[in-house]
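As structure tokens, the structure follows; a few thoughts come after it.
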Amino acid sequence: MEWEYGLIGSLLGLSVGSFLNVVIYRLPRQLLQPGLALSLFYPPSHCPNCATPLRWRDNIPLLSWLLLRGKCRYCRGEISGRYPQVELLTALLTLLFIWLLPFTLHLMAALLLLWALIVLALIDFEHLLLPDVITLPLLWAGLLFKTLGWLPGSLHEAVLGAIAGYAVLWLLAAVYQQIRGIEALGMGDAKLLAAMGAWLGWPLLPSVLLFASAGAILCVLIARMAWRRELNHAIAFGPWIALAAISHFIHSVIF
597 MEWEYGLIGS
607 LLGLSVGSFL
617 NVVIYRLPRQ
627 LLQPGLALSL
637 FYPPSHCPNC
647 ATPLRWRDNI
657 PLLSWLLLRG
667 KCRYCRGEIS
677 GRYPQVELLT
687 ALLTLLFIWL
697 LPFTLHLMAA
707 LLLLWALIVL
717 ALIDFEHLLL
727 PDVITLPLLW
737 AGLLFKTLGW
747 LPGSLHEAVL
757 GAIAGYAVLW
767 LLAAVYQQIR
777 GIEALGMGDA
787 KLLAAMGAWL
797 GWPLLPSVLL
807 FASAGAILCV
817 LIARMAWRRE
827 LNHAIAFGPW
837 IALAAISHFI
847 HSVIF
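Written as structure tokens, this is what we have:
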């Protein structure tokens, strides 16, 4: 990869990561608190502690947080380390995709998938929520990109993947609820797996589901051993679906 591409990719990833932070923080609060005067663009960026609007120099992705040592310039309150982490993660994965893929429409589609999955994974991790406003457009985008030839595979595989992805998790959730009397999976997970079926096609879907399930089960086992007690709260499955989908997407590109 030429150094110019690396520079452009880094700046793009950091800038997009900064916007993803806004979506991750604001979108679930919009959905869970409908009366809240909050949108993705209003009010402008401000300190979460003292509500002072941030100047441009305090809003430079990654750099501002490092220079301010994770504290607000005005009230010296702590600023979450999640912000630079998301920006850095987005930049690194964006660079990886730019390195793996030529500058084509395929790359554009791949980056849109990557950025959407970062948002969904982190929102689900924090709020146990997979917003329809992201999962459903992601599903239709997968079908559209298959139709336009921006992604490998056929539209037929994508449609079957979307149907199978939703049906499998819906059926598992229904059976579990019938047997145990409690809800094990939300329909947000089913919609996300349907979207991944549209993007990756049905042949990769069993492997994605197996990888995601293994990761979630391992996480539960490690948590139980660490805390030495039964977990009495839900575990987000969305991040594992996202991780499995990205891993399979990268594998399909390389091999």
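Be aware that the sequence shown starts at 597, since it is given in our numbering, and climbs by one per residue.
Even glycine gets a Cβ: it sits at the ideal position worked out from N, Cα and C.
Everything numeric in this text was worked out from a predicted model, so none of it was measured.
{"query": "Can you give me the Cβ contacts of R653 inside the same chain, cut-off strictly under 8 angstroms, excluding the 5 residues immediately before and after it?", "result": "S660"}
{"query": "Tell me which same chain residues have a C-beta within less than 6 angstroms of the C-beta of F807, skipping the five on either side of it?", "result": "A840"}
{"query": "Give me, in chain order, the residues of the same chain whose beta-carbon lies closer than 8 angstroms to that of S635; leave out the 5 immediate sequence neighbours on both sides.", "result": "R622, Q626"}
{"query": "How would you label G609, buried or exposed, when you count the other beta carbons within 10 angstroms and need 16 or more for buried?", "result": "buried"}
{"query": "When the Cα atoms are used, what is the spatial distance from W766 to Y670?", "result": "49 angstroms"}
{"query": "Looking at the structure shown, is E674 part of a helix, part of a strand, or coil, going by DSSP?", "result": "strand"}
{"query": "Using only the heavy atoms of the ligand GDP, determine whether one of them is closer than 8 angstroms to the beta carbon of D785.", "result": "As for the ligand GDP, it is missing from this structure, which has no ligand bound."}
{"query": "Quick one: grab the DSSP three-state call for P649.", "result": "strand"}
{"query": "Can you give me the C-alpha to C-alpha distance between C646 and L768, rounded to a whole angstrom?", "result": "46 angstroms"}
{"query": "Give every residue of the same chain whose Cβ lies closer than 7 angstroms to the Cβ of G757, excluding the five residues on either side of it in the sequence, and list them in chain order.", "result": "G793, A794, L796, G797, W798, L801"}
{"query": "To the nearest angstrom, report how far apart A633 and P639 are at their CA atoms.", "result": "8 angstroms"}
{"query": "Tell me the rounded alpha-carbon separation between R665 and H723.", "result": "27 angstroms"}
{"query": "Taking Cβ to Cβ, would you say A838 is nearer than 9 angstroms to L716?", "result": "yes"}
{"query": "Measuring CB atoms only, is the stretch 685 to 701 touching the stretch 725 to 733, in the sense that at least three cross pairs come out at less than 8 angstroms?", "result": "no"}
{"query": "Mind checking whether L725 and G784 have CB atoms under 9 angstroms apart?", "result": "yes"}
{"query": "Shortest alpha-carbon distance to G673 belongs to which of L684, F699, H642?", "result": "H642"}
{"query": "Does the Cβ of Y679 have 16 or more other Cβ atoms within 10 Å, making it buried, or fewer, making it exposed?", "result": "buried"}
{"query": "Round the Cβ separation of G834 and L788 to the nearest angstrom and send it over; I've been treating them as touching at under 8 angstroms.", "result": "6 angstroms"}
{"query": "Can you list, in chain order, the residues of its chain with a C-beta nearer than 8 angstroms to that of I850? Leave out the 5 residues immediately preceding and following it.", "result": "L696"}
{"query": "Does the distance from the C-beta atom of F693 to that of L710 stay below 9 angstroms?", "result": "yes"}
{"query": "What first and last residue would you give for the alpha helix (DSSP H) that runs through F741?", "result": "728 to 744"}
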